[in-house]
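Please read the structure below before turning to the comments.
Take a look at the structure:
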């Protein structure tokens, strides 16, 4: 993530063009909003802030706006979304874009305008001249999913913004319970900071355990942990709690199956010598999920995991074909899946 880029923005050291590139939507919005907040007063935003969706509007209109002097203010901010013409993908949009004019603007941007290009993609088409020029002229800020170290730094920063401190152990616990969704984490940290108030100041592990809303993914992780340690009664009790909270057995089955598949894939890639970061890229999951899967996978052999994946596939067929009651199928499955000590 572009922490340095954000520092410059907050210090009002703006670039004429920002290219926000990545698939982490919350981070993308956070960076864009920081640019707007620090570049324009609230009153100025009514006159000098505009958005253009490239799937619906031609880039010509955005450039024309960018070349227009600001009204009753020092700057204008123009935001472009869905710039599909920067990628290799085909778009269903019928809007025609004058990319030559866009290229000309990039090469000589208006000094009074901040052009923000929200490219919510993993990558752009580096073969295109316009992309090469854009990366050369613009301030590029990555908005890709954060690795664990960056994620914990981001969480600490969020806590500080709310007048609190977040201990390392508390951030680890919060990631386990709430997951890696930035929007959810921001809400949880805000809630905890409000709860502890100015008297305590530090968000601790106890605070997290007391207040954090458990994600369904965490409940499934906990369920598998109980199975791993052969605490079958506790695993079944957690399953019943989830059902009482209106979680469908078939949905829980799908989440458990996904987790066991991940355990097997991580074990397989680990044996091939891949790092956890590389595995995350190959499997298209967050690196933190890979870390947890590697920890859980240590309790199983390869043959056990293969057997479990087969058992899960069989249970899926029986439930979907109506040959067995869904809750009964899950109860039997949880008992069978526990590894032999």
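Residue numbers (the working numbering): 312 to 652.
Just so it is clear, CB atoms sit at the ideal spot from N, CA and C, and this is done for glycine as well.
- For residue 404, no beta strand (DSSP E) encloses it, and the DSSP letter there is neither H nor E.
- If one requires a minimum length of 3 residues, the beta strand (DSSP E) runs lying completely within the segment 396–455 are 424–430, 450–453, in chain order.
- Distance from the CA of residue 355 to the CA of residue 343, rounded to the nearest whole angstrom, comes to 16 angstroms.
- Rounded to the nearest whole angstrom, the CA to CA distance from residue 502 to residue 405 is 44 angstroms.
- Buried is the label assigned to residue 339, since at least 16 other Cβ atoms lie within 10 Å of its Cβ.
- In the structure shown, residue 543 falls within a helical segment according to DSSP collapsed to helix, strand and coil.
- Here residue 551 is exposed: its Cβ has fewer than 16 other Cβ atoms, across all protein chains shown, within 10 Å.
- Less than 9 angstroms separates the beta-carbon of residue 389 from that of residue 427.
- By the C-beta criterion, the segment 410–428 is judged to be in contact with the segment 320–333, since at least 3 inter-stretch pairs fall below 8 angstroms.
- Across the set 386, 369, 373, 366, the C-alpha of 386 shows the shortest separation from the C-alpha of residue 351.
- DSSP places residue 460 in the helix class (H, G or I) of the three-state scheme.
- Distance check between residue 459 and each of 412, 591, 553, 422 places 591 closest, using alpha-carbon atoms only.
- In the three-state reduction of the DSSP assignment, residue 635 falls in the coil class, being assigned neither a helical nor a strand state.
- Contact annotation: the segment 560–570 touches the segment 531–543, with at least three C-beta pairs closer than 8 angstroms.
- In this structure, residue 370 sits away from residue 324, with a CB-CB distance that is not shorter than 9 angstroms.
- Secondary structure of residue 628 (DSSP, three-state): helix.
- Taking residue 613 as the centre and dropping the five residues before and after it, the same chain places the C-beta of 578 closer than 7 angstroms to its C-beta, in chain order.
- Contact between residue 430 and residue 573 does not hold, since their C-beta atoms are separated by about 29 angstroms, which reaches or exceeds 8 angstroms.
- For residue 390, the enclosing beta strand (DSSP E) covers residues 387–392.
- Put simply, the backbone Cα of residue 474 is about 48 angstroms away from that of residue 643.
- In terms of CA proximity to residue 321, 341 leads the group 336, 335, 341.
- In this structure, the straight-line span from the alpha carbon of residue 588 to that of residue 318 is close to 26 angstroms.
- Taking 9 angstroms as the cut-off, the beta carbon of residue 622 is found no closer than this to the beta carbon of residue 603.
- If only complete runs of 4 or more residues are kept, the segment 478–541 shows the alpha helix (DSSP H) at 479–489, 493–511, 516–522, 527–539, in order along the chain.
- Within its own chain, the residues whose Cβ lies closer than 7 angstroms to the Cβ of residue 515, once the five positions on either side in sequence are excluded, are 478, 481, listed in chain order.
- Residue nearest to residue 434 within the set 453, 383, 581, 496 is 453 (criterion: CA-CA distance).
- With at least 16 other beta carbons inside 10 angstroms of its own, residue 568 counts as buried.
- With a cutoff of 9 angstroms on beta-carbon distance, residue 396 and residue 410 are scored as near each other.
- At a Cβ-Cβ threshold of 9 angstroms, residue 493 and residue 382 do not count as neighbours.
- Using a Cβ distance threshold of 9 angstroms, residue 599 and residue 462 count as a contacting pair.
- Taking a contact as a CB-CB distance under 8 angstroms, the pair residue 553 and residue 586 does not count as one, their CB atoms being some 34 angstroms apart.
- Residue 469 and residue 348 have their alpha carbons spaced roughly 17 angstroms apart.
- Scanning its chain for C-beta atoms nearer than 8 angstroms, with the 5 sequence neighbours on each side dropped, one finds around residue 444 the residues 414, 417, 418, in chain order.
- Sequence-distant Cβ neighbours of residue 523 in its own chain, meaning closer than 7 angstroms and more than five residues away, are 485, 488, 489, 499.
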